[in-house]
Amino acid sequence: MTITDLVAAPDRQQAPLKTLAHVEFQLRVLGLLCAAAAGGPTKLKTPGSLDVWARYITLQRSSLQCDACQSAALDVADSIATLVAEGTSIRQMRNQVFHGGPTPQNVDLDALHAVVSANAERIVGIHEHGHIDRLEPFFLPISGELGALHDYSEACANYWPRRGPATDVTRTEVLEELQKLGLQSHDRVLENFAMDIEKDLRGFAERDSILAFVEPPEPIMVRWELRTSDGTVPRVDRFVVTADQARIWQSESGPKPYQAFLAQICNWKLLKERLLEQLEEQVALEGLIKEELFPELKEKVPHVPAQVRLAGESGEATITQACQRITEQTGLYNSHTNLITLTGEAGSGKTHSLLQFARESLSQDGGLNPLAIYISSSGASANSLDTLLDARMARTRILDKSSVLALCRAGLAILVIDGFDELLGFRTYDNPLTGLKPILDALRGRGTVILSARSSYSEARLRQNLERRNALEWPPDVQTLELLPWKREQLKALIGQLSIDAVRPDVPAEVQRLLTTPFFCLAFAAWARSDGTSEFLHFVVDAYLQRERRKLTGLGGSLFGSDVLADIFSEVAELIARNALPEVSEEDLELAASQALGRDLTKEEKRRLIALCGMSAEWAEEELSFRFTHLAIAEQFLARQVTRLPLDQAAALLFTVPVSALCAQLIVSLYQTEHGQAPTALIAALQQKLNAVEPYASDLPGAISLGELWAHVHATATTPRTARRIKVENLQIGGSGRVSLQEAHIQNLAVGPGVELALTASRIDRLDLSKTTGAALVGDSYQQVLEMLVHGELATGQTRIRHALGLPTDATEDVDEIDNFYLTNISLVRGPIVINARDHAPAGDKRLDWIREYPPATWQSFLRRMQDEGKIVLERVNASGPPKVRLRLTERPD
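Residue numbering for the sequence shown follows UniProt numbering, beginning at 1 and increasing consecutively.
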């Protein structure tokens with residue numbers, strides 16, 4: 001795409017209004033060529049209008065340094081005075097139409113086409129005469145086409161190609177070059193709103209039908225054609241921005257919020273009905289999976305509301321309440337998308353909870369409360385979120401990917417992606433956030449997305465890569481919702497409704513602890529109703545084995561016995577864990593079977609083993625793969641594999657594969673059953689492997705595995721114990737005696753009464769001493785803690801921690817202590833820190849109230865000092881209201 005292509009006259013059959021808009025685009029291109037020819041600072045203003053560009057060309061044509069080209073440029077500028085209807089010039093017609101007036105009749109199409117043809121010829125001649133050495137930054141390649149600068153601000157430049165939507169460019173080198181040229185910007189508030197309207201309408205409008213006109217202080221006027229099942233409907237809509245930055249639609253019945261406009265054009269009530277119909281099908285499918293696994297549970301399993309905890313907070317809430325708290329912040333500024341990751345152990349009910357959350361949002365009567373649009377990747381062969389969204393929304397006959405994202409940007413929808421790790425587009429990249437990039441870019445720092453991984457390994461990989469989110473053009477505010485285990489009351493509620501007694505003398509304590517996980521609670525109910533007398537965990541495995549063995553039955557009877565099939569699935573679980581994928585190929589399934597049998601498979605065994613496979617979403621469409629029906633089953637077979645392997649091999653597996661808290665609990669239970677003791681020898685062998693690693697990094701998979709196993713075996717012991725190089729998110733230490741943690745990394749550590757805690761070269765993000773006293777800390781252990789809850793006080797930073805512990809502190813805090821306070825709080829904030837660019841005060845974000853702990857001058861002095869030392873960078877963001885910057889640490893504080 002060249003300048004010639006940009007300004008070429010459109011086809012004669014094109015609608016007059018579009019040809020009229022092309023005249024303005026031609027003047028924009030010529031104006032930018034004049035600015036480029038100047039080769040230095042310019043008085044160019046963006047975004048401009050027909051009159052503004054004509055005036056600019058007239059004043060700046062001297063930069064072309066050639067009489068012929070200057071004359072041609074003046075002819076282009078004067079072309080807007082050409083009459084193209086009786087008594088009406090191009091300029092008059094354009095202003096009439098774009099101010100909402102009627103479309104002129106009897107337009108002289110020949111005269112109009114003659115203008116755009118002559119303009120194109122003159123502009124191409126000017127460009128080819130050699131006055132312009134370099135087109136950048138006024139023109140840039142956009143998706144393979146040349147784009148002309150449309151608008152500019154300190155945080156973002158917007159380029160418009162001949163075809164396709166305008167595109168934001170945030171590259172630092174481009175913005176700095178434009179800034180040096182002294183570009184000036186018009187009213188960004190209205191212009192930003194107009195750009196958002198155009199972007200939102202692409203999901204609802206007939207292709208290329210959107211024409212927006214912005215001329216402050218007049219309302220934004222948009223002419224467009226709405227797609228409906230009966231054809232297209234021409235519309236003219238007007239919008240304004242109030243003094244308090246509210247975006248308003250001037251409807252026929254009076255002013256309404258912009259959200260009401262989007263709700264009207266997507267037929268809000270009908271949309272909710274159709275989304276609910278699709279959701280009920282997904283709920284029914286979830287019920288079928290339970291029936292297949294546990295046919296003993298004939299009646300419908302009652303819904304028990306799940307509780308979640310927002311990372312960094314102590315309270316509990318439902319998913320709906322937590323999401324409401326998060327989304328309330330989105331109206332403060334448009335600088336980040338809320339990316340919520342729902343975490344929880346396998347079998348904790350993530351899918352069930354998300355389905356209930358979506359159902360609740362769709363069942364609300366009245367109002368414009370946000371809808372949860374539930375997308376499951378289960379069984380999908382889509383290789384990206386784009387294709388999956390279009391496929392899942394096709395049945396609504398209302399929404400597609402573009403319109404879903406429009407509703408998300410406006411706060412009318414929350415996109416819920418269950419099982420994001422099963423999408424090929426996510427699994428292809430080392431960094432899962434890269435798979436989200438197209439969606440995050442389209443959301444432009446707005447909206448809320450909830451992600452849930454089916455695999456705990458993918459979940460861990462996502463969390464590990466969240467630190468790299470600043471590499472994205474629109475880095476999200478990543479917040480974690482932890483799905484909490486059931487409490488005793490919830491367990492009793494379900495067991496009571498199923499008429500099952502959970503408190504039986506023959507149920508070991510290890511099993512009772514498993515019952516707080518919904519999957520195992522349902523399994524327990526099925527076990528209690530069964531006629532078998534097998535041990536509980538064996539019953540769960542046997543139930544799954546019976547289901548799979550039915551697929552392998554042929555004329556020759558069952559292919560494998562239960563024990564052999566269990567060994568095969570244990571090998572498969574190891575492969576899945578090592579590969580961090582939800583499924584294995586047909587070839588890998590055969591390999592696992594050979595490994596379990598200790599020999600090669602026969603042709604008959606290979607042929608019948610295929611019956612366990614289904615269509616693959618991981619490999620080519622014609623290939624088959626195997627996956628476990630439920631992740632909790634995969635975790636149980638992985639625990640079984642660890643238990644059955646020789647000690648050295650088991651330790652080697654745990655060293656390379658991080659196990660979840662549930663898997664660690666299952667390993668402990670199976671060890672007790674199979675070996676009659678806790679896996680202390682396994683922990684010691686794994687500890688030895690970690691001790692030998694130099695240099696050591698806390699994100700080693702073995703550190704996570706060791707941390708989870710240690711927590712289940714030693715955390716509540718009554719003797720002195722030591723752990724080195726463990727990494728745990730949540731650890732509760734009880735029992736008694738001294739606990740020594742060396743080179744440990746723990747996010748949330750709670751210490752009970754009767755325990756002494758000695759820390760060496762460790763990092764504890766939050767230490768809870770609310771059930772004991774500061775005396776529990778040995779020596780200078782407090783120096784390795786970022787935040788501490790003690791004596792009813794939450795102390796952040798070393799000065800406040802020393803004060804809370806009653807240790808001596810200086811009467812006045814020196815610079816190092818103040819720096820420590822600020823750096824500690826910055827490192828504890830989850831998500832971007834956005835502050836006002838002028839005075840660096842918090843931009844209405846309650847998470848940043850700690851900034852006001854000291855006078856504003858102290859905070860500003862700290863930022864200048866950290867910038868000079870290269871420890872902090874302030875990046876411009878595209879936000880509503882006063883200019884804002886994003887604060888980012890260049891490295892994590894010690």
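No residue lacks a Cβ here, since even glycine has one placed at the ideal position from N, Cα and C.
Quick caveat: nothing in here was measured; it's all calculated off a predicted structure.
Inset, instruction - Please list, in chain order, all residues of the same chain as Leu645 whose beta carbon is under 7 Å from its beta carbon, the five residues on each side excluded. - result: Annotation for Leu645: Leu653 place their beta carbon closer than 7 Å to its own, counting only its chain and skipping 5 residues before and after.
Inset, instruction - Please go through the same chain and pick out, in chain order, the residues whose beta-carbon is closer than 7 Å to the beta-carbon of Arg238, but skip the five residues on each side of it. - result: Here Arg238 has Gly100, Pro219, Ile220, Met221, Gln250 as same chain residues with Cβ atoms under 7 Å from its own Cβ, once five neighbours each way along the sequence are excluded.
Legend entry - Exposure label - Leu807; buried when at least 16 CB within 10 Å: Under this definition Leu807 is an exposed residue.
Legend entry - 7 Å CB neighbourhood of Glu191 in its chain, flanking five on each side removed: Hits under 7 Å: Pro47, Asp151, Val214.
Inset, instruction - Could you check what DSSP says for Ala617 in three-state terms: helix, strand or coil? - result: Caution is warranted here: a pLDDT of 38 is assigned to Ala617, below 50, making its placement in the model unreliable, and the coordinate value is therefore given only provisionally. Note: Ala617 maps to coil in three-state DSSP.
Legend entry - Inter-residue spacing [alpha-carbon to alpha-carbon] between residue 901 and Glu173: The shown model of the chain, from 1 to 894, leaves out residue 901, and the question about it has no answer.
Legend entry - Beta bridge counterpart(s) of Lys727 as assigned by DSSP: For Lys727, the beta-bridge partners assigned by DSSP are His745.
Legend entry - Neighbourhood of Gln641 by C-beta distance below 6 Å, restricted to the same chain and skipping five residues each side: Cβ-Cβ distances below 6 Å link Gln641 to Ser570, Ala573, Glu574 in the same chain, with the five nearest sequence neighbours on each side left out; the list follows chain order.
Inset, instruction - Would you list the one or two residues that DSSP bridges to Tyr258? - result: Answer is none; Tyr258 lacks a bridge partner.
Inset, instruction - Apply the 10 Å Cβ neighbour rule to Pro860 and answer buried if 16 or more other Cβ atoms are within range, or exposed otherwise. - result: The sequence as given places Gln at residue 860; Pro does not occur at that position. Residue burial is scored here from C-beta neighbours: Gln860 has fewer than 16 other C-beta atoms within 10 angstroms and is therefore classed as exposed.
Legend entry - Contiguous alpha helix (DSSP H) assignments of at least 4 residues, all confined to the stretch 121-209: Note on the stretch 121-209: whole alpha helix (DSSP H) runs with a minimum of 4 residues are 172-180, 188-201, in chain order.
Inset, instruction - Using three-state DSSP, classify Thr772 as helix, strand or coil. - result: It is coil, neither helix nor strand.
Legend entry - Close Cβ partners of His336 (< 6 Å) along its chain, the five nearest in sequence each way excluded: These residues qualify, in order along the chain: Gly445, Pro476, Asp477, Pro832.
Legend entry - Anticipated Cβ contact below 8 Å, Thr320 with Glu360, distance rounded: Confirmed, Cβ separation roughly 6 Å.
Inset, instruction - Only counting runs of 4 or more residues, tell me where the alpha helix (DSSP H) segments fall wholly within the stretch 806-842, in order along the chain. - result: Counting only runs of 4 or more, we get 815-828.
Inset, instruction - Check each candidate in Gly752, Gly31, Arg607, Pro679 and name the one with the smallest Cα separation from Thr718. - result: Measuring from the Cα of Thr718, the nearest candidate turns out to be Gly752.
Inset, instruction - Might you give, ordered along the chain, the residues of its own chain that have their beta carbon closer than 6 Å to the beta carbon of Ala841, omitting 5 neighbours on each side? - result: Around Ala841: no qualifying Cβ.
Inset, instruction - Work out the CA separation of Leu407 and Tyr854 for me, nearest whole Å. - result: Cα to Cα, the separation comes out at about 40 Å.
Inset, instruction - Return the residue from the list Ser153, Leu178, Ala148 that minimises the CA-CA distance to Gly164. - result: In terms of CA proximity to Gly164, Ala148 leads the group Ser153, Leu178, Ala148.
Inset, instruction - Go through its chain and collect everything with a Cβ distance to Leu889's Cβ below 8 Å, but skip five positions before and after it. - result: Excluding sequence neighbours, Leu889 sits near Leu823, Ile826, Ser827, Lys871, Ile872.
Legend entry - Inter-residue spacing [alpha-carbon to alpha-carbon] between Leu389 and Pro217: Counting only the Cα atoms, Pro217 lies some 38 Å from Leu389.
Legend entry - Buried versus exposed, by CB contacts within 10 Å (16 or more), Asp563: Exposed.
Inset, instruction - Please state if the CB of Thr760 and the CB of Gln742 are separated by a distance shorter than 7 Å. - result: Yes, these two residues count as a Cβ contact at 7 Å.
Legend entry - Among Gln747, Val728, Ala711, Glu729, nearest to Gly735 - alpha-carbon criterion: For the set Gln747, Val728, Ala711, Glu729, the Cα lying nearest the Cα of Gly735 is the one of Ala711.
Inset, instruction - Keeping to the same chain, check which residues put their C-beta closer than 6 Å to that of Gly447; ignore five residues upstream and five downstream. - result: Cβ neighbours of Gly447 beyond the five flanking positions: Thr337, Cys408, Arg409.
Inset, instruction - Please determine if the stretch 199-206 and the stretch 5-25 are in contact, where contact requires at least 3 C-beta pairs separated by less than 8 Å. - result: The answer is no - the stretch 5-25 does not touch the stretch 199-206, with fewer than three Cβ pairs under 8 Å.
Inset, instruction - State the Cα-Cα distance for the pair Ile835 and Ala111, rounded to the nearest angstrom. - result: Ala111 has its alpha-carbon roughly 53 Å from the corresponding atom of Ile835.
Inset, instruction - For the stretch 672-683 and the stretch 514-526, state whether three or more C-beta atom pairs, one from each stretch, are separated by less than 8 Å. - result: The stretch 672-683 vs the stretch 514-526: no contact.
Legend entry - Stretch pair the stretch 70-78 + the stretch 227-242: three plus CB contacts closer than 8 Å: The stretch 70-78 vs the stretch 227-242: no contact.
Legend entry - Helix, strand or coil at Asp567 according to DSSP, with G and I counted as helix: Reduced to three states, the DSSP call for Asp567 is helix.
Inset, instruction - To the nearest angstrom, report how far apart Met393 and Trp224 are at their CA atoms. - result: Cα-Cα distance, rounded: 23 Å.
Inset, instruction - Report the three-state DSSP secondary structure of Lys45 (helix, strand or coil). - result: Of the three classes helix, strand and coil, the one that applies to Lys45 here is strand, per DSSP.
Legend entry - C-alpha distance - Val124 paired with Leu59, whole-angstrom precision: Their backbone Cα atoms lie some 20 Å apart in a straight line.
Inset, instruction - Have a look at Trp268 and Leu355 and give me their C-alpha separation to the nearest angstrom. - result: Going by C-alpha positions, Trp268 is about 20 Å away from Leu355.
Inset, instruction - Measure the alpha-carbon distance for Leu33 versus Asn158 and round it to whole angstroms. - result: Cα to Cα, Leu33 sits roughly 17 Å from Asn158.
Inset, instruction - Please report how far the alpha carbon of His630 lies from the alpha carbon of Phe25, in whole angstroms. - result: Cα to Cα, His630 sits roughly 57 Å from Phe25.
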